[in-house]
Amino acid sequence: MHQSISIYAHRGLSGRYPENTMDAFQAALEAGAQGIELDVQLSKDGQMVIIHDEKINRTTDGTGYVKDFSYAELRQFDAGSWFNPVFANQYIPTLEEVFKWATKDGNQLIINVELKNDVIRYEGLEEKVLSLLYRYRLQDRVILSSFNPESVKRLRELDANMKIGYLILGIHKNAVKIAENIGANAIHCEEAFALSQYGKEAISAGFPLRIYTVNEASKFKVLFEAGAEVIMTDYPDLPLEK
Ligand code: G3P
Ligand code: CA
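Going by UniProt numbering, the first residue of the sequence shown is number 1, and it counts up by one from there.
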């Protein structure tokens, strides 16, 4: 097995808990994951909120766009019952709440903050995320990422040192060239890219590969042997095959 195996819980332990909720993040910590991945967007009043879809329809009991609600309004929605009624007390957390939780004693998790600004462009999201992570002194524990190359570029303009991953879908032949141009220092990709010649070239060019979303433990070993640095999974509690 690869020496520095790192498993990140995708949207928290989202295979068994409602995604992007405090319960899912706490379960990831207790399962022994090395990190969590989460998605951040902006509410109408500019709060950084943790939710994947641009609309709240799939993962809450409400309807409409995240950007059209204040955080006080978003906080009222039930973000757990869609998954299982036992999670009816779960809500959409803020990024600040996650950072507060992550800086409590004993919590050493890496936090991959995906800026969800590829469909809706949230003006100022990059500045806000950076400013918050500086305030919580999480520079060494946060990895930023985005599918939007302009957002990655903006993050790099604002911060020369942060770990920033360029997120790609499928086998993206120009990923390395784009990653170099926008100042990313890693590529966050799917299994198909990691196992392709382009994945090998990316590693040779100095870009660590962090792979999403792998839910079969039998694939973990193959991917780490192919040079992956991180695997993101909905099931970080799966037993690792040695
Ligand atoms: O950050 C990796 C992965 O979460 C990207 O895809 O759609 O699950 O946010 P998605
Ligand atoms: Ca994500």
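Even for Gly, the Cβ is constructed at its ideal location relative to N, Cα and C.
Residue i, buried or exposed, once every other Cβ within 10 Å from all chains shown has been counted against 16
| i | result |
| --- | --- |
| Gly170 | exposed |
| Arg11 | buried |
| Ser151 | buried |
| Met1 | Per-residue confidence for Met1 stands at a pLDDT of 43, beneath the threshold of 50, marking its modelled position as unreliable; the derived number appears in the next sentence. With fewer than 16 other Cβ atoms within 10 Å, it is exposed. |
| Ala72 | exposed |
| Asn57 | exposed |
| Pro18 | buried |
| Pro239 | exposed |
| Gly35 | buried |
Residue i versus the options, residue with shortest Cα-Cα distance
| i | options | result |
| --- | --- | --- |
| Gly32 | Ala160, Thr63, Ile5 and Glu126 | Ile5 |
| Phe25 | Arg75, Gln90 and Ser43 | Gln90 |
| Lys200 | Val176, Tyr122 and Asn148 | Val176 |
| Tyr122 | Gln197, Met22 and Asp39 | Asp39 |
| Ile168 | Ala194, Gly62, Gln47 and Gly15 | Ala194 |
| Ser196 | Lys219, Arg137 and His172 | His172 |
| Tyr8 | Ala102, Gly46 and Glu37 | Glu37 |
| Asp23 | Lys128, Val98, Phe77 and Lys153 | Val98 |
| Val129 | Pro239, Asn148, Thr94 and Thr103 | Thr94 |
| Arg154 | Gly124, Tyr136, Arg135 and Leu138 | Gly124 |
Euclidean distance between Cα positions of residue i and residue j
| i | j | result |
| --- | --- | --- |
| Glu126 | Asn161 | 14 angstroms |
| Ser43 | Ala88 | 22 angstroms |
| Gln41 | Gln108 | 24 angstroms |
| Leu133 | Ser146 | 16 angstroms |
| Ala79 | Asn20 | 9 angstroms |
| Ala226 | Glu216 | 16 angstroms |
| Gly29 | Glu157 | One point to set straight first is that residue 29 is Leu, not Gly, in the sequence displayed. Cα to Cα, Leu29 sits roughly 32 angstroms from Glu157. |
| Leu13 | Asn174 | 32 angstroms |
| Leu100 | Val49 | It should be noted that the sequence gives Lys, not Leu, for residue 100. Distance between the alpha carbons of Lys100 and Val49 is about 14 angstroms. |
| Asn185 | Lys163 | 6 angstroms |
| Ala228 | Gln76 | 39 angstroms |
Below-8 angstroms beta-carbon distance, residue i vs any chain D residue
| i | result |
| --- | --- |
| Tyr71 | Protein chains in the displayed structure number just one, and chain D is not present. |
Does the contact criterion of 3 or more C-beta pairs under 8 angstroms hold for the segment 205-224 versus the segment 177-195? yes
If we count Cβ pairs, one from each stretch, closer than 8 angstroms, do we get three or more for the segment 138-149 versus the segment 57-71? no
Tell me, please, whether the segment 166-185 touches the segment 198-206 by the rule of three or more beta-carbon pairs shorter than 8 angstroms. yes
Kindly provide the ranges of any alpha helix (DSSP H) runs that are 4 or more residues long and lie completely inside the segment 148-213, ordered along the chain. 149-158, 175-182, 191-194 and 197-204
Are at least three pairs of beta-carbons, each pair with one atom in the segment 71-85 and one in the segment 101-117, less than 8 angstroms apart? no
Where are the alpha helix (DSSP H) runs, 4 residues long or more, that stay fully inside the segment 54-134, in chain order? The segment 54-134 contains these whole alpha helix (DSSP H) runs: 71-74 and 95-102.
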